[in-house]
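Residue numbers (our numbering): -13 to 51. Ideal placement from N, C-alpha and C gives every residue a C-beta, glycine not left out. Below is one structure; the comments refer to it alone.
Here is the structure:
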């Protein structure tokens, strides 16, 4: 097994070291991709033409379905 460390104070090169040695370290992870939004266009046929699609209660019910 080969263990190395990066010595930034000198040249930033990798230096071999004993695998049992302990040094401070920083963990880094790749950021998750941004949330994608998608617009969906749909047509609806209403059984009751008096329903107001702009009514907040109707909108909430549509989102649940």
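| request: Check the DSSP bridge columns for residue 3 and list the partner residues they point to. | output: Residue pairing by DSSP places residue 3 opposite -11 in a beta bridge.
| task | Could you work out which residue in 9, 35, 15, 49 is closest to residue 28 when comparing CA atoms only? | result | Nearest option by C-alpha distance: 49.
| field | C-beta atoms of residue -11 and residue 3 nearer than 7 Å | value | A Cβ-Cβ contact shorter than 7 Å links residue -11 with residue 3.
| residue -3 versus residue 16: straight-line alpha-carbon distance, rounded | Computed Cα separation, rounded: 25 Å.
| message | Measuring only the C-alpha atoms, how far is residue 22 from residue -5? | response | Their backbone Cα atoms lie some 41 Å apart in a straight line.
| Among the residues of its own chain, which have a CB less than 7 Å from the CB of residue 1, if the five just before and after it don't count? | Counting only Cβ-Cβ distances below 7 Å, and skipping sequence neighbours, we find -10, -9, -7.
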